[in-house]
Amino acid sequence: MRPRLEARIGVSGAMVYVTPVLAVVLTMACGSVLFAALGHNPAAVLYAFFVQPISSAYGLAELTIKATPLVLCAIGLSFGFRANIWNIGAEGQLTLGAIAGGGLALWAGDDASVWFLPAMIIASLLGGAAWAAIPAYLKTRFNANEILTSLMLTYVAILLLSYLVHGPWKDPDGYSFPQSRMFADSVLLPLLTMGTRLHLGAPIALLLALAAWWVMARMFVGFQIKVVGLTPAAAGLAGFSVRRLTWITLLTGGALSGLAGLFEVAGPIGQLLPSISPGYGFTAIIVAFLGRLHPLGILLAGLLIALSYLGGETVQIELGLPLAVSGVFQGMLLFFLLASDVLVRYRIRWGRSVIVQEAG
Numbered sequence: 002m003r004p005r006l007e008a009r010i011g012v013s014g015a016m017v018y019v020t021p022v023l024a025v026v027l028t029m030a031c032g033s034v035l036f037a038a039l040g041h042n043p044a045a046v047l048y049a050f051f052v053q054p055i056s057s058a059y060g061l062a063e064l065t066i067k068a069t070p071l072v073l074c075a076i077g078l079s080f081g082f083r084a085n086i087w088n089i090g091a092e093g094q095l096t097l098g099a100i101a102g103g104g105l106a107l108w109a110g111d112d113a114s115v116w117f118l119p120a121m122i123i124a125s126l127l128g129g130a131a132w133a134a135i136p137a138y139l140k141t142r143f144n145a146n147e148i149l150t151s152l153m154l155t156y157v158a159i160l161l162l163s164y165l166v167h168g169p170w171k172d173p174d175g176y177s178f179p180q181s182r183m184f185a186d187s188v189l190l191p192l193l194t195m196g197t198r199l200h201l202g203a204p205i206a207l208l209l210a211l212a213a214w215w216v217m218a219r220m221f222v223g224f225q226i227k228v229v230g231l232t233p234a235a236a237g238l239a240g241f242s243v244r245r246l247t248w249i250t251l252l253t254g255g256a257l258s259g260l261a262g263l264f265e266v267a268g269p270i271g272q273l274l275p276s277i278s279p280g281y282g283f284t285a286i287i288v289a290f291l292g293r294l295h296p297l298g299i300l301l302a303g304l305l306i307a308l309s310y311l312g313g314e315t316v317q318i319e320l321g322l323p324l325a326v327s328g329v330f331q332g333m334l335l336f337f338l339l340a341s342d343v344l345v346r347y348r349i350r351w352g353r354s355v356i357v358q359e360a361g
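According to our numbering, the residues represented by the sequence shown are 2 to 361, in order.
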């Protein structure tokens with residue numbers, strides 16, 4: 002008998018949470034086949050990829066550092082995604098937040114007081130939100146597609162950063178390298194653990210994840226976002242303003258992405274460079290959906306994807322594999338997540354079709 006897909010009566014509540022785990026398992030299985038085809042011991046590669054990077058306190062700290070911008074961007078994106086507002090420009094908003102907050106640090110110079118750091122945080126929030134306000138305005142005023150506008154603005158932001166570090170913000174003592182001056186120690190994020198690079202941004206990201214959960218679960222605006230995303234017609238009958246929610250979700254996503262950008266330049270980097278992110282804003286889309294758009298799920302997904310970055314670096318050093326292994330794992334993970342999502346609304350049946358009422 003041949004298998005076939007049979008539509009469920011309702012969405013399977015269990016499968017909503019099972020499919021991300023299934024996607025991870027399938028990714029590891031296919032990764033093992035890929036490594037074997039390349040002539041490497043799959044067990045050794047998987048150990049180097051998933052276990053070795055976090056086998057020390059320093060490794061755990063690095064995992065948290067890389068997860069912080071992913072979690073911040075993904076939480077911001079999840080608000081819009083729940084309302085079917087597709088902000089794809091988190092990378093650009095991250096860059097503008099870094100420019101806004103980093104520019105304030107450069108303006109303050111070496112005489113900056115510790116009070117400049119809160120001002121930089123506010124500047125980064127405003128910078129990211131302002132960049133997200135452009136697609137929000139174009140969406141609400143001209144019904145422009147926010148996917149295209151937010152995505153194209155990403156490249157404008159990256160080019161703006163490149164212009165600044167090659168031109169007016171270039172370090173005069175930097176031997177012609179395209180980079181800004183190093184930020185003063187007083188405006189860098191405080192370290193939490195000696196001997197590591199773990200900084201204050203990590204607990205702030207955790208608190209913001211809890212705040213996002215509170216908004217979505219306990220506040221009326223969270224309820225509005227859910228209704229607009231699930232049943233737009235019902236939202237219209239209830240008087241919920243899609244225009245208002247478009248502004249709220251896009252500005253929230255932009256602000257949190259901008260904060261992620263500041264945490265990078267005022268944390269492990271310590272200055273502005275032409276490239277301050279390995280694609281956190283784009284990878285955050287995977288994190289958001291792997292975490293089922295739930296803030297606590299996003300925390301776990303952010304740690305997993307951060308581990309893929311560390312694992313890629315480890316297997317490159319230890320086994321000579323290309324750094325692109327991280328991208329391959331992330332791509333396979335997204336592919337299997339999207340493929341396995343079909344099980345949320347469909348079941349696999351053998352033989353004749355039988356309709357069964359779903360309990361959850």
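Using N, Cα and C, we set each Cβ at its ideal position, and we do this for glycine too.
- In this structure, the CA atom of Gln-180 is about 20 Å from the CA atom of Gly-128.
- Val-266 is not a Cβ neighbour of Leu-260, given a cutoff of 8 Å.
- Excluding the 5 residues flanking it on each side, Met-121 has same chain C-beta neighbours closer than 7 Å at Gly-102, Leu-105, Ala-106, Val-188, Leu-263 and Ala-267, in chain order.
- When DSSP states are grouped into helix, strand and coil, Tyr-176 belongs to the coil group.
- A residue is called buried once 16 or more other Cβ atoms fall within 10 Å of its Cβ, and Phe-184 is buried on that count.
- Out of Gln-317, Gly-93 and Met-333, the CA that lies nearest to the CA of Ser-276 is found in Gly-93.
- Under the 10 Å beta carbon count, Val-229 is surrounded by 16 or more other beta carbons and is classified as buried.
- Its Cα nearest to that of Ile-135, the residue Met-153 stands out among Ile-123, Met-153, Phe-50 and Ser-125.
- Between the C-alpha atoms of Ala-49 and Ser-309 there is a straight-line separation of about 11 Å.
- A check of alpha carbon separations from Gly-223 across Ile-76, Val-52 and Phe-80 identifies Phe-80 as the nearest.
- Following the DSSP letters along the chain, one finds Trp-87 in no beta strand (DSSP E), marked with neither H nor E.
- The DSSP-derived three-state label of Ala-239 is coil.
- Classified as buried, Ala-203 has 16 or more neighbouring CB atoms from the shown chains inside 10 Å of its CB.
- In the pairwise beta carbon analysis, the stretch 294-307 is classified as touching the stretch 65-76: at least three pairs are separated by under 8 Å.
- If you check the CB distance, Val-345 and Met-29 do not come in under 8 Å.
- Taken through DSSP and simplified to helix, strand or coil, Ile-349 comes out as strand.
- Within the same chain, no Cβ atom closer than 6 Å to the Cβ of Ala-131 is found once the five residues on either side in sequence are excluded.
- Residues of the same chain with a CB within less than 8 Å of the CB of Gly-280, apart from the 5 flanking positions on each side, are Glu-92 in chain order.
- For Leu-27, no beta strand (DSSP E) encloses it; the enclosing alpha helix (DSSP H) starts and ends at 14-38.
- Separation of Ala-37 and Ile-299 (C-alpha to C-alpha, rounded to the nearest whole angstrom) is 31 Å.
- Annotation for Arg-5: the continuous beta strand (DSSP E) segment containing it runs 4-8.
- In its chain, beyond the 5 residues on either side, Gly-93 have a beta carbon closer than 8 Å to the beta carbon of Tyr-156.
- Nearest neighbour of Gly-292 by Cα position, chosen from Gln-317, Val-25 and Ala-124, turns out to be Val-25.
- Non-local C-beta neighbours of Thr-284 in its own chain, meaning closer than 7 Å and more than five positions away in sequence, comprise Leu-71, Ile-306 and Gln-331, ordered along the chain.
- With contact defined as three or more Cβ pairs closer than 8 Å, the stretch 317-326 and the stretch 335-350 are not in contact.
- With fewer than 16 other Cβ atoms inside 10 Å of its own Cβ, Gly-237 counts as exposed.
- In the structure shown, the three-state DSSP call for Leu-190 is coil.
- Counted as a single uninterrupted DSSP element, the stretch harbouring Ile-55 is not any alpha helix (DSSP H), since DSSP gives it neither H nor E.
- Each residue's CA atom was taken as its position, placing Thr-20 and Ala-289 some 14 Å apart.
- Taking Thr-315 as reference, the option from Arg-245, Val-22 and Val-52 with the minimal CA-CA separation is Val-52.
- Inclusion of Gly-77 and Gly-271 in the CB contact set at 8 Å is not warranted, their separation being larger than that value.
- The beta carbon of Arg-83 sits closer than 7 Å to those of Ile-226, Lys-227, Gly-230 and Leu-294, all from its chain and outside the five residues before and after it, given in chain order.
- Distance from the CA of Ile-100 to the CA of Val-216, rounded to the nearest whole angstrom, comes to 28 Å.
- The beta carbon of Thr-247 sits closer than 7 Å to the beta carbons of Ile-86, Ala-137, Lys-140 and Thr-141 from its chain, once the five residues preceding and following it are set aside; these are given in chain order.
- Contact between Trp-214 and Leu-297 holds: their C-beta atoms lie close to 6 Å from each other, under 8 Å.
- Each of Ala-133, Glu-7, Pro-54 and Ser-177 was checked against the Cα of Gly-282, and the nearest Cα belongs to Ala-133.
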